[in-house]
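Sequence order for the protein chains is L and S.
Using the numbering used here, the letters of the first sequence correspond one by one to residues 19 to 368.
Using the numbering used here, the letters of the second sequence correspond one by one to residues 19 to 368.
There are 2 protein chains.
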Amino acid sequence: MVKQRHRITSYDVAEAAGVSQSTVSRALSGDPIVAEATRNRILDIARSLNYHIDAAASRTRSGRIETIAVVMVCPEHEDVRVLNPFHYGLLAAICSAASQRGLETIVSFQGARDRLKDSYEQGRRAMGIIVIGTSENHTAWNFFRNSAQNGTHIVCWGAPYDDLDWVRADNHAGAALAVEHLLAQGYKSIAYVGDNNCPQRQFAERYAGYVTAMEQAGKTPRLIEVAPGLSRHEQGRRAAQALLASGQAFNAIFAACDDLALGAMAVLEERGLSVPGDVGVVGFDGVRSGAIAVTPLSTIEPDFAAAGEVLVERMLASVAGEVAPRRRVPVSLVVRESSAAAAPQKATAA
Amino acid sequence: MVKQRHRITSYDVAEAAGVSQSTVSRALSGDPIVAEATRNRILDIARSLNYHIDAAASRTRSGRIETIAVVMVCPEHEDVRVLNPFHYGLLAAICSAASQRGLETIVSFQGARDRLKDSYEQGRRAMGIIVIGTSENHTAWNFFRNSAQNGTHIVCWGAPYDDLDWVRADNHAGAALAVEHLLAQGYKSIAYVGDNNCPQRQFAERYAGYVTAMEQAGKTPRLIEVAPGLSRHEQGRRAAQALLASGQAFNAIFAACDDLALGAMAVLEERGLSVPGDVGVVGFDGVRSGAIAVTPLSTIEPDFAAAGEVLVERMLASVAGEVAPRRRVPVSLVVRESSAAAAPQKATAA
DNA sequence: CTGAAAGCGCTTACAG
DNA sequence: CTGAAAGCGCTTACAG
């Protein structure tokens with residue numbers, strides 16, 4: 019291991035190349051004004067000296083930060099593992115999209131109300147904040163809403179407030195996709211399991227999409243509202259229990275998210291109902307555990323890569339004082355076993 | 019939204035406080051040499067002006083970066099969702115532990131061989147790199163191994179090479195915990211499902227722990243080696259199929275990781291075996307999907323918070339030129355349904 | 001305990 | 001096309 023005595027600076031490169039430090043700086047920043055031959059020589063020497071621009075100094079001088087803060091909103095008690103895996107996929111997509119554009123991402127997991135932090139922009143650590151995570155932590159969302167009102171650049175996924183700059187999946191289209199698919203598979207009596215009292219705008223959108231699609235097909239929508247304050251999985255379980263206890267016939271469930279669907283599916287199978295066949299199930303989110311469930315779960319999956327790009331794009335636009343054109347992320351239907359063809363002629367009751 | 023014309027600097031605070039800029043700087047850095055009254059006055063004014071130290075300038079001058087780079091090693095094709103959710107839990111733990119110590123974390127997901135990046139330290143973006151993620155991407159691990167040899171500060175979770183500075187779970191103790199638990203639950207014939215040909219040191223350690231515990235209990239260890247190149251879940255499925263096809267009696271599986279266990283469990287249940295009862299299953303990792311599986315999976319779970327702390331601690335020590343004392347992370351047994359008591363007297367064959 | 005001043009390593013007008 | 005020089009906003013010897 020060879021360690022340099024002194025950190026190599028642009029002056030060292032300049033000396034080795036026989037040019038001034040300013041020329042080195044211009045060459046490395048890709049300024050087209052430097053002669054191509056000069057630039058190439060400088061780049062070669064920089065590489066051979068293993069020189070890298072000092073980001074701290076560069077930022078100090080230019081004021082360009084080229085860094086986005088990503089905040090994962092966690093439950094207040096900060097048990098990070100209850101975070102929906104969906105958000106991890108989103109995190110990865112954001113970091114990749116940012117990196118694609120040469121931006122760095124500093125990420126933090128914030129839950130406890132006394133540790134919320136939004137001073138990235140003030141401290142010149144980032145150009146703005148992308149906020150994602152659980153919508154249940156009202157304190158945190160209010161905190162970032164307030165930051166946005168005070169001028170911090172904030173873009174969110176699925177924000178509970180419309181006055182935040184949000185990006186969301188095309189929930190309406192996704193719900194329609196789910197309903198049409200279930201109908202085509204022979205499931206004629208589709209219940210919707212979801213939470214319409216929570217601040218999750220997306221759930222309301224999915225429900226609206228479901229209602230529209232059902233009505234267009236001449237079917238009666240049916241909402242099974244979930245109990246508050248439980249994990250999505252447990253909510254799904256209870257919703258299925260309630261649905262069965264109601265005694266009313268149904269043979270399919272479209273759930274507002276995969277975790278709800280998986281919970282519901284568990285109860286159906288415990289009660290001896292076959293999924294698929296007796297009951298078809300489609301979720302929403304494209305979560306990994308759905309893919310490897312005992313009965314793999316059909317789902318509506320947002321285009322994760324697009325989600326990351328749109329979020330980063332809007333952040334960049336917001337900082338530039340523009341309004342980005344895109345805010346909806348396309349979704350697609352992922353067909354797995356849970357929605358394979360319905361058993362003929364058998365609407366299931368309790 | 020009130021936007022400042024000019025960015026507020028320490029000079030503004032100094033002026034408002036009637037002191038010199040150097041005193042402001044000292045007060046804000048917590049230098050005990052400034053009179054308490056002076057410091058408090060300065061802090062109050064800084065707060066009221068919403069002043070935050072310019073991190074870029076501070077880093078430029080002091081050379082202290084107080085940032086750790088976290089690299090998530092992905093498969094080469096960069097489909098980030100095949101990343102084991104375990105690594106996401108680890109990521110969150112690292113970011114939290116770093117934040118606890120006032121450090122920032124810049125995270126990147128790296129898979130494709132032409133986009134590997136280790137110049138964080140050279141570019142003064144971070145003090146070093148914590149590398150975690152899939153052990154399957156040899157190119158990436160070799161790349162970071164090489165970085166470490168060139169003097170970059172690198173600490174890893176579960177590194178495939180012993181010459182990297184690693185932190186790992188107490189795999190030996192964990193395996194013993196699993197074996198003892200299964201035996202206590204009445205499962206006397208425990209097979210081990212795992213991958214001993216992969217670079218994952220941890221798997222070898224878990225297997226060794228299993229063998230030791232079995233031998234101490236007077237039982238014969240039995241290894242079901244998994245097929246390479248498939249997802250862990252699929253490997254688990256095939257291992258269970260092979261185990262059943264072998265015709266040899268067994269009534270429990272201890273799997274090297276939860277995804278293997280879940281795959282195996284799926285096959286057992288498809289074949290009409292009851293888990294638990296006919297077969298007891300314990301995994302390793304404490305992955306979320308195990309908790310919400312149709313049959314919730316018992317598992318050996320590392321202390322995630324401790325894992326994050328130990329990784330950050332070692333990074334700090336490494337940068338300081340010291341050797342941190344801890345590198346093993348404690349584990350605990352999480353008992354769920356998959357290892358409930360064995361059905362009496364019924365060793366299961368194919 | 002506080003201040004005046006130097007300097008971290010860049011970027012970028014300005015001049016040639 | 002290139003260089004000399006100023007300056008980004010801090011931290012930190014040095015002097016008092």
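Ideal Cβ placement from N, Cα and C applies to all residues, glycine included.
Query: Does any residue of chain S have a CB that is nearer than 8 Å to the CB of ILE71 (chain L)?; Result: yes
Query: Just how far apart, CA to CA, sit TYR225 (chain S) and HIS199 (chain S)?; Result: 16 Å
Query: Compare the C-beta of SER117 (chain S) against all C-beta atoms of chain L and say whether one is closer than 8 Å.; Result: yes
Query: What residues in the region 127 to 158 of chain L have a beta carbon less than 7 Å from any beta carbon of chain S?; Result: PHE127, SER137, GLN140, GLY141, ARG142 and ARG143
Query: Name the residues in the region 44 to 76 of chain L whose C-beta lies less than 9 Å from a C-beta of chain S; which are they?; Result: ASN68, TYR69, HIS70, ILE71, ASP72, ALA73, ALA74, ALA75 and SER76
Query: Cutting at 7 Å between CB atoms, please list the residues of its own chain near LEU182 (chain L), excluding the five before and the five after it.; Result: ARG163, ALA166, ILE172 and CYS174
Query: In terms of residue numbering, what span does the alpha helix (DSSP H) encompassing ARG186 (chain S) cover?; Result: Element bounds for ARG186 (chain S): not the alpha helix (DSSP H) but the beta strand (DSSP E), 183 to 187.
Query: By Cβ distance, which residues of its chain are closer than 7 Å to THR289 (chain L), with the 5 residues on each side in sequence left out?; Result: The residue asked about is misnamed: residue 289 (chain L) is Arg in this sequence, not Thr. The residues are LEU262.
Query: Taking the C-alpha atoms as reference points, what is the distance between GLY236 (chain L) and ALA361 (chain L)?; Result: 21 Å
Query: Taking beta-carbon pairs under 7 Å, can you tell me which members of the region 285 to 305 of chain S lie near chain L?; Result: GLU287
Query: Within the chosen definition, does the region 298 to 316 of chain L reach the region 336 to 343 of chain S through at least 3 CB pairs nearer than 8 Å?; Result: no
Query: I need the straight-line Cα distance from GLY141 (chain L) to LEU248 (chain S), nearest angstrom please.; Result: 46 Å
Query: What does LEU280 (chain L) touch in chain S if you count any residue whose Cβ is under 8 Å from its own?; Result: ILE310
Query: Would you kindly check if the distance between the Cβ of VAL37 (chain S) and the Cβ of VAL89 (chain S) is under 8 Å?; Result: no
Query: I need the DSSP call for TYR210 (chain S), collapsed to helix, strand or coil.; Result: strand
Query: Just the chain L side, please: which residues come within less than 7 Å of PRO320 (chain S) by C-beta, in chain order?; Result: Ordered by position in chain L, no residue passes the 7 Å Cβ test against PRO320 (chain S), which lies about 12 Å from the chain.
Query: Out of curiosity, what's the CA-to-CA distance linking LEU241 (chain S) and ARG354 (chain S)?; Result: 24 Å
Query: DSSP puts THR85 (chain S) in a beta bridge; with which residues?; Result: S:GLU122
Query: So if I threshold CB-CB distances at 9 Å, which residues from the region 229 to 243 of chain S count as touching chain L?; Result: none
Query: Between S:LEU334, S:GLY254 and S:GLU223, which lies nearest to VAL211 (chain S) when the distance is taken from Cα to Cα?; Result: S:GLY254
Query: For GLN128 (chain S), count the other beta carbons within 10 Å of its own beta carbon; 16 or more makes it buried, fewer makes it exposed. Which is it?; Result: buried
Query: So, does the CB of SER114 (chain L) fall closer than 8 Å to a CB anywhere in chain S?; Result: yes
Query: May I ask which residues mark the beginning and end of the alpha helix (DSSP H) holding GLU94 (chain L)?; Result: Element bounds for GLU94 (chain L): n/a, residue is neither H nor E.
Query: Give the secondary structure of CYS113 (chain S) by DSSP, where H, G and I count as helix, E and B as strand, and everything else as coil.; Result: helix
Query: In chain L, which residues lie with their C-beta within 9 Å of the C-beta of ILE374 (chain S)?; Result: Nothing can be reported for residue 374 (chain S): it is not among the residues displayed for chain S, which extend from 19 to 368.
Query: Applying a beta-carbon distance threshold of less than 8 Å, which residues of chain S neighbour ILE124 (chain L)?; Result: THR85, GLU122, THR123, ILE124 and VAL125
Query: Does DSSP classify GLY204 (chain S) as helix, strand or coil?; Result: coil
Query: Pull up the distance between the alpha-carbon of GLY227 (chain S) and that of ARG82 (chain S), whole angstroms please.; Result: 42 Å
Query: Would you say PRO93 (chain L) lies against chain S (beta-carbon separation less than 8 Å)?; Result: no
Query: According to the Cβ coordinates, are VAL349 (chain L) and PRO103 (chain L) closer than 8 Å?; Result: no
Query: Which runs of the beta strand (DSSP E) at least 3 residues long sit entirely within the region 143 to 189 of chain L? Give them in chain order.; Result: 147 to 151, 172 to 175 and 183 to 187
Query: Return helix, strand or coil for GLU327 (chain L), following the three-state DSSP convention.; Result: helix
Query: SER40 (chain S) to ASP132 (chain L), Cα distance in whole Å?; Result: 30 Å
Query: What's the gap between the Cα of PHE221 (chain L) and the Cα of ALA191 (chain L)?; Result: 13 Å
Query: State buried or exposed for ASP303 (chain L), treating a residue as buried only when at least 16 other CB atoms are found within 10 Å of its CB.; Result: buried
Query: Tell me ARG346 (chain S)'s beta-bridge partners as DSSP assigns them.; Result: S:ARG186
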